[in-house]
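Inspection log for the structure reproduced underneath, given as structure tokens.
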Amino acid sequence: MLAVVRRLLLFVAALFGMSLLVFAALRILPGDVASVMAGVNATPQRVEALREQLGLNRSIAEQYGSWLGGVLRGDFGTSLLTGRSISAQIGVRSQVTFPLIALGMLIALLIGIPAGCAGALATSRPARQSFRAISIIGGSIPALWGGLLLILLFGRGVGLIGILPSQGFPQQGWQNPLQAVMSLLLPAMTVGIIVAAGIMRYTRSALNEVMGSSFIDMGMACGMTRRQATLRIGLRIIAPQLVSVIGLTLAEMITGVVVVENLFALQGLGSMLITDVGNRDLLTVQSELFLLSAFFLTIGLVVDMLHQLIDPRLRAVKGGIQQ
Amino acid sequence: MSGNIEPGTTEPENKEPENIEAESTAPGGTGPGNKDSAGPQPEYDASTSETTPDAASGSTDETLNALSKKPKGRRNWLLALIALIVVIAVSAGAWVFSSLRSTPASTGTVAKSVTIGLKLAPTNLDIRNESGSALDQVLIGNVYQGLVARSSENKVVPAIAKSWSKSDDGLTYTFTLNTGMHFSNGDVLDANDVVWSIRELVDKQYTDADVLSTMKSITATDDNTVVITLNKPYSALLWALSGRAGLVFDKDASYDAKTQAVGSGPFLLSSFRQGDSITLTADGKYWGSDKAKTQEIIIRYFADDNAAVNALKSGDVQVLAPITENLASTFSNNDDYVVKAGDDTDKFVLAFNSKGTSTSDKRVRQAIRYAINNEELIAARGGSDAALGGPIPSLDPGYEDLTDLYPYNPTKAKSLLAEAGYSTAKPLTLRFEYANIYGTEIGDQLKSQLKAVGIDLQVNVVEFSAWLQDVYTNKDYDLSLVDHNESHDFYQWADPEYYYNYDNPKVQELYAKALAATSDEEEESLLRQAARLVSEDAPADWLFNYRVTTARVKGLSGFPVNLNQSLLPLWNVTMRNPA
Amino acid sequence: MNRRRSAIVLTSIWSTATGRFSLIVMSCWLLVALLSLVWTPYSLWATDGFHVWQSPSWSHPLGTDGSGADVLSWLMAGSATNLLIVLLAVILTAICGLLLVAAMLSSHLGLSQLAVVVIDALISLPTVLVALILAVPFGPSIMVIVVACSFGYSLNLARIVRPQAMLVARSAYVESALSNGASAGRVLMTHIVPNILPLLLVQLSMCAGTVILAESGLTYLGIGVPSSVASWGHSLATSVKFINVYPLAVIWPGLVVTVVVVALNLFGDALRDAVDPLENPRLRNPSPAPSEKTQEAADVRES
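Chains as they are written, first to last, in the working numbering: chain C, 1 to 323; chain F, 1001 to 1579; chain R, 2001 to 2303.
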């Protein structure tokens, strides 16, 4: 219990630290949103007027205070540039990014876990070697290049088998679910394949370990075949570790997601972040960076908690200590 | 190992259970056994083959019990998974099938909706505060209208005003407005709206207010007549009013100008998705004769050139402007598409800081101009851009071909540099900063061309906002590159405060005279003289006049080709599907 | 690891097909990187605007790029930049990782706890976010890539080597060294690091691969290697723009990156097998040098 409380306190401290860091990093920036808005033909007076109007002349502490206060109330403010609520904008963009992450992860799991099991169960040397080769090569492809190759293969209008859309998200968004999913398919495959290679490797090696253990012998003694024992008991034993790996893989995936969003012209959080940095839309960037960091810190927290919950051995240990 | 985010790190091929990295199940710091990190702990011990069974023996039974009770559960899960895959596959197939069938269904008809692809997206719709030609492009002439408008040859033509007259002293302009005009919300548009809009512009110093700095008064003598008087003659007034300065807004309407637009043009703005798309719908009640021919026009923005090309190839958009010349070759070889480059006023200005440490020396500036091979730069971009030898492009008044002032001549460049005191022993190093939107190629090419005459160019490609800060505001640069796309922007060379740091009283005098000129011929002749002076002083190299390439499908007509990055009237656009 | 052990490990890696492949690729990389410092087929700044995007030919084996420069020369020069980035990132990762490990092993309870919780809290921060936070104020640079990558990987590294480091730290000979008055730093360098070195090397070689992948991604996003500096990511990012017209141009840099990353991963794998006494019988031969400390430590614990 103490550990949980401590972990939560730490989480809050990390969030606070991130907010300071993000805020500070953005203050060192050259250039400001007022001069971007005013453009190349503006007079200095006009830039100064805009700066006043946007409240960029307030003190740093004041700006930080009002921003953090807003964040605590769940209000991320209004973008100076677009005049829209940042929360709303993030909400819209999340409709692309999170489904993309989820779909990518689904593809990764659908490929990675079965392939990992097959790799672990394969008996012939060539089969084992080829599974190993696939997992290593899959994990070595840059997301950018993988995406390009997939476009060259499947991109509608471009590819050899041009059947999938390779740019943009449908106008109607999720009101047209089929089209929305289709437009996310290639990008999700790009990130999915890379992650799948990692999951496949992990599953295979973890299963290999378990296969030599007494759990499997026990299962086989109860009448299961080796295959059944591995898939039913082995998978269950490695599940907690797999959850950890998947949770932390999400963080690794996001680099690929940002690249892929730009490559496939998807209007998600990643491409928004890159654009807003370019536009010096500081308030938006700091809110986005903070939110994304918070998201991943939360994932770390959840993974840690989940790990404890689903690992039967950990529960057993805990029981033992309490006795 | 449990918290390992690099899954590939546990790769024991067929390891025995004694494997050193075999088991550690708790994520760091959260395991209950972690309270005392000094003592031995089962979770962290590497050789756990001995310890794990103790801890886990209970759960093995648990696992087996659980399995023996509900073996079906696992199978159901598997079935669900297979079902899901099948559903996805079938729906994908169905979608592909349906999309294949829908195409021939609409042949030989005029399309109700046309999608066009553009590149630079406006960050918001507030045309009075937000600079950038992306807004002029989509809003002026489509949603908002000005007192007067521009033609595709960059001449002033009627819009809200149907005619105008100018007094002989050039100080009074009288505009006669059209009748029966109204805004899209039904409000009547008359001279009062015109006067209000222009007064607001000046009072609140909205974008481009400075072009009306010579204006003395604006009054509505009746509902259909507007009179503008000036303090001194200003020959560019009409042209200025055809841009943002002359836009007419509804003084009674209230809307969020950053996300909405209420104007008097042939289109309604029905949706705006920032950075992604804008949807224009024909206004059925539009007052003018230039009614929109297509019911709905969707404008999509592609920051990525490949995405744009893919969109045109796959039919998601019917026209693309601009398309990178090098990429257009996929379409120019195809009979289904038409590729055309239009005239424009974009000047790629490689400015030399006239007050820079070494660039203040005219010989250095001249040497750079001689060292640059403009033809090669144009060829690398695909060959459709036009050479430009001075500050005024062909569509603007005062144009003259000045390309032979500084022809490509590396020998002359070298001797000028030697004269200025630079040699291989004491090479000239120059900082070159420009915004990343222009790509890295042009920086590489300039670096290599200048290297050939012994100048070491240190290229720094930055965000546009950083460029604004370093070069535009602080004037801290040697060389800088920007696409100055505005028309009639010679004032830059007559303003010693502008970031060029170019200060030539003769040019300033000629420009002042040109502005005060009362006839077009006089204005053009004065501008021509001034432009020649500027070019001779070599405060910059005008790398080329960028001509925008437009690619469209064959059935599309009425899409403007000239000037379409700042002026894009869409009312005439129609799309006839091939029969 | 002493010299004899290193020799055994290297020959063991060489004896497997994948190990040999990885060693060959890595040596080629090193050679090309060194060669590019003194010679490339063309100067990087030998651009020719009249011959952009040329297909491969005898004079330009991999064709030319968008400014008419030789693609092969840029890739060669890029291999030096990437080598530099990888080396810097690996060194920084190793230093930070070891410092974290040392903190976790510290007898000061507060410090060790702090190290553990800091790792837990920060390990889920993605590289790209760290890179953005750095690149926004400081602009794109090699250091952004190096620091952003090292940040994540050193946390990761510390987490992975902790169990083994702890095992060594609690062994009898470390205790005796400490009781003989050896400083904590000395114990770390003479006893703990040599024992976790194999695991460390495996992790670092995997990390090297990830750094290269990160470089290409970050450079494409404009927050990595600055323009006019050759790198594989730069070559990939510039060719991406013209994939529709010149798809071949995109093949080369992507292929180079993939092959090198595969080699680094295979090397990590082969290294793991080669340094593991259970997998590699040659390491179990009676050895004159008393170096099997890990085994000793395990023995001590079991008894």
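Using N, Cα and C, we set each Cβ at its ideal position, and we do this for glycine too.
Asked                                                                                                                       : Found
For Ala1149 of chain F, the residue or residues it bridges with in DSSP                                                     : F:Val1157
CB of Val1148 of chain F within 7 Å of CB of Val1156 of chain F, strictly                                                   : yes
Backbone CA spacing between Phe169 of chain C and Leu2255 of chain R [nearest angstrom]                                     : 29 Å
Inter-stretch contact at 8 Å, needing at least 3 Cβ pairs: the region 277-292 of chain C / the region 2110-2117 of chain R  : no
Rounded straight-line distance, which links the Cα of Thr1225 of chain F to that of Ser1217 of chain F                      : 14 Å
8 Å CB neighbourhood of Glu1153 of chain F in its chain, flanking five on each side removed                                 : Leu1395, Asn1562
CB contact below 7 Å: Leu1556 of chain F versus chain R                                                                     : no
Top-ranked residue by Cα proximity to Ala196 of chain C, from C:Ala265, C:Leu10, C:Ser140, C:Phe264                         : C:Ser140
Residue nearest to Trp1287 of chain F in terms of C-alpha spacing, selected from F:Leu1212, F:His1182, F:Ile1323, F:Leu1241 : F:His1182
Integer-rounded CB distance, given that Asn262 of chain C should sit under 8 Å from Ile274 of chain C                       : 7 Å
Own chain residues within Cβ distance below 6 Å of Leu8 of chain C, not counting five before or after                       : none
Beta carbon proximity, Gly2066 of chain R to chain F, threshold 7 Å                                                         : yes
Beta-ladder partner(s) of Tyr1337 of chain F, from DSSP                                                                     : F:Val1553
CB contact check: Ser293 of chain C to chain F, cutoff 7 Å                                                                  : no
Alpha carbon of Ser2183 of chain R to alpha carbon of Asn2195 of chain R, nearest angstrom                                  : 18 Å
C-beta contact flag for Arg1244 of chain F and Ser1277 of chain F at 7 Å                                                    : no
Min CB distance Ile163 of chain C to chain R below 7 Å                                                                      : no
Neighbour list for Trp2053 of chain R in chain F, Cβ cutoff strictly below 8 Å                                              : Asn1326
Spatial distance of Trp1467 of chain F from Thr1324 of chain F (CA atoms)                                                   : 23 Å
Chain-ordered residues of the region 140-155 of chain C with a beta carbon less than 8 Å from chain R                       : Ser140, Ile141, Pro142, Ala143, Leu144, Trp145, Leu148, Leu149, Ile151, Leu152
Backbone secondary structure at Phe2242 of chain R - three-state DSSP                                                       : coil
DSSP three-state assignment for Thr1225 of chain F, whether helix, strand or coil                                           : strand
Beta carbon of Leu1510 of chain F nearer than 7 Å to that of Gln1529 of chain F                                             : yes
Bounding residues of the alpha helix (DSSP H) (the contiguous stretch that carries Phe1352 of chain F)                      : Run containing Phe1352 of chain F: none in the alpha helix (DSSP H); it sits in the beta strand (DSSP E), 1346-1352.
Alpha helix (DSSP H) runs contained entirely in the region 1495-1575 of chain F, provided each spans 4 or more residues     : 1505-1516, 1520-1537
C-alpha distance - Pro187 of chain C paired with Asn1333 of chain F, whole-angstrom precision                               : 30 Å
Cα-Cα separation, Ile2145 of chain R to Gln1565 of chain F                                                                  : 36 Å
For Ser1271 of chain F, three-class secondary structure by DSSP                                                             : strand
Nearest residue (CA-CA) to Leu950 of chain F, options F:Thr1279, F:His1484, F:Ala1551, F:Ile1368                            : The requested residue 950 of chain F is not part of the displayed model; chain F covers only 1001 to 1579.
7 Å Cβ cutoff met for Val259 of chain C and Leu144 of chain C                                                               : yes
Residues near Thr43 of chain C in its chain [Cβ-Cβ closer than 6 Å; skip 5 each side]                                       : none
Cβ-Cβ separation, Gly2224 of chain R to Gly2233 of chain R (assumed contact under 8 Å), whole Å                             : 6 Å
Beta-carbon gap between Met272 of chain C and Arg93 of chain C smaller than 7 Å                                             : yes
Test item: CB-CB of Pro2247 of chain R and Ser2235 of chain R under 7 Å                                                     : no
Check: Ser1217 of chain F C-beta below 6 Å from any heavy atom of the ligand FMN                                            : Inclusion of the ligand FMN in the displayed structure is not the case, the ligand content being empty and no account of it being possible.
Cβ neighbour criterion (16 or more within 10 Å) applied to Val2009 of chain R                                               : buried
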